[in-house]
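Colleague: Encoded as structure tokens, here's the structure I'll be asking about.
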């Protein structure tokens, strides 16, 4: 028999009984493996793990296997606390990946992967649970409209992103911001995200008028002194960028048209905001308190790219307990 193609596997109870009989015939481990149709390593490991001073007993071996399985780390991966953490994380708008990376920081002994969390949510759904409805992208539909026309020609004295200092790309310092607007039916949101910490600030404006947007950006950046650069898209609402640059002493750069990846941090953040305030929603009804709550939700959300830390922790340098 060609044993080279066999791999280690645990023996069934019937094969354990056969093994006990073969042992009495004083056969070699290879001969016993050939008879049972398993690899030699299976026999070697079985005897090493499940024999005692009285020899090998199939019933005792089965009992030891069950006990090991019960106490294995894999069996301990999921417990009541995991369920509580998953429920809390989903309620805060965290993705399974956010939840997983945060557990690794606060409760490393209970760390589970994001795939395990997805599996637990799927099991909950199969049992009639509703956790899956709390997933950030549940019910998401794609926008089928065409591209908006870039407002590049509407922006005077525009400085292209190619002239931005290389250090900004490295994300090694605080104060390099990305900016954009989130459109609503009767009001709009101005969003700014720090490239290193992912700290997010949100401001509401009732008009896309360039001066209105510029004043709101200045107001927002005064909350986080030390701005060095601001990278914006080509919307006409940013036409008065020079006013912002002078007020906060920061250089302003513009991404290339239709190159949203050049402001990927800001785009991703806006996507999270859209989960709660979808397109075509009347943002005029959103209160200052709700905006503040959204900011806190975003800034206290653990990020894989930050090693499980939150934007607030990276920006302030202070850690807090979120799930423990």
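Residue numbers (the numbering used here): 2 to 325. Just so you know, even glycine gets a beta-carbon here, dropped at the ideal spot from N, CA and C. A quick note: this is a predicted structure, and the numbers were derived from the prediction, not measured.
1. Residue 176: buried (16+ other C-beta within 10 angstroms of its C-beta) or exposed?
2. Only counting the same chain, and skipping five residues up and downstream in sequence, which positions put a Cβ closer than 8 Å to that of residue 271?
3. How about the region 30–39 and the region 62–71: do they share at least three Cβ pairs that are nearer than 8 Å?
4. Can you check whether the CB of residue 292 is closer than 8 Å to the CB of residue 203?
5. Rounded to the nearest angstrom, how far is the Cβ of residue 87 from that of residue 118, given a contact under 8 Å?
6. I'd like to check one pair, residue 208 with residue 312: are the Cβ atoms closer than 8 Å?
7. Thinking C-beta only, is residue 237 closer than 8 Å to residue 211?
8. Using C-beta distances below 6 Å, list every residue in its chain close to residue 115, excluding the 5 sequence neighbours before and after it, in chain order.
9. Please work out which residues of its chain come closer than 7 Å, Cβ to Cβ, to residue 19, disregarding the five sequence neighbours upstream and downstream, and give them in chain order.
10. Helix, strand or coil: how does DSSP classify residue 311 here?
11. Across which residues does DSSP place residue 183 in a beta bridge pair?
12. Roughly how many angstroms separate the alpha carbons of residue 281 and residue 187, rounded to a whole number?
13. Please name the residue, chosen from 226, 107 and 245, that lies closest to residue 214 on a Cα-to-Cα basis.
14. Would the region 102–110 and the region 51–65 be scored as touching if the rule is three or more Cβ pairs under 8 Å?
15. How close, in whole Å, do the beta carbons of residue 12 and residue 43 come, if the pair is a contact with beta carbons under 8 Å?
16. To the nearest angstrom, report how far apart residue 264 and residue 161 are at their CA atoms.
17. Tell me which same chain residues have a C-beta within less than 6 Å of the C-beta of residue 132, skipping the five on either side of it?
18. Kindly indicate which three-state DSSP category residue 205 falls into: helix, strand or coil?
19. Can you tell me the Cα-Cα spacing of residue 299 and residue 35, whole angstroms?
20. Is it right to say residue 262 is buried, meaning 16 or more other beta carbons lie within 10 angstroms of its own, or is it exposed?
21. Would you please state the rounded distance, in angstroms, between the beta carbons of residue 226 and residue 95? I believe it to be under 8 Å.
22. Between the C-alpha atoms of residue 54 and residue 108, what's the straight-line distance to the nearest angstrom?
23. Which of the three DSSP states is assigned to residue 231 in this structure?
24. Assuming residue 35 is part of the beta strand (DSSP E), what are its boundary residues?
25. Answer yes or no: do residue 230 and residue 159 have a C-beta to C-beta separation smaller than 8 Å?
26. At what residues does the beta strand (DSSP E) containing residue 254 begin and finish?
27. With a threshold of 7 Å, establish whether the CB of residue 176 neighbours any heavy atom of the ligand GTP.
28. Using beta-carbon positions only, say whether residue 195 and residue 316 come within less than 8 Å of one another.
29. Alpha helix (DSSP H) containing residue 25: first to last residue?
30. Whose C-beta lies closer than 8 Å to the C-beta of residue 26 among residues of the same chain, with five residues either side of it excluded?
31. By Cβ distance, which residues of its chain are closer than 7 Å to residue 283, with the 5 residues on each side in sequence left out?
32. Helix, strand or coil, according to DSSP, for residue 297 in the structure here?
Modeller: Let's see:
1. buried
2. 181, 183 and 192
3. no
4. yes
5. 6 Å
6. no
7. Yes, these two residues count as a Cβ contact at 8 Å.
8. When the five nearest sequence neighbours on each side are left out, the beta carbons in the same chain lying within less than 6 Å of the beta carbon of residue 115 are those of 97, 98 and 101, in order along the chain.
9. 37
10. coil
11. Bridge partners of residue 183 according to DSSP: 190.
12. 9 Å
13. With distances taken between Cα atoms, residue 214 lies closest to 245.
14. no
15. 7 Å
16. 13 Å
17. 122 and 125
18. Residue 205 carries a strand assignment under DSSP once its states are collapsed to helix, strand and coil.
19. 60 Å
20. exposed
21. About 29 Å separates the two Cβ atoms, so there is no contact after all.
22. Residue 54 and residue 108: Cα-Cα distance of roughly 40 Å.
23. strand
24. It is not in any beta strand (DSSP E) - residue 35 instead sits in the alpha helix (DSSP H) that spans 30–37.
25. No; because the gap between Cβ atoms is not below 8 Å, this pair is not in contact.
26. 252–255
27. For the structure depicted, the ligand GTP is absent and the ligand set is empty, with no information on it obtainable.
28. yes
29. 14–25
30. none
31. Taken in chain order, the residues that qualify are 185, 186 and 187.
32. helix
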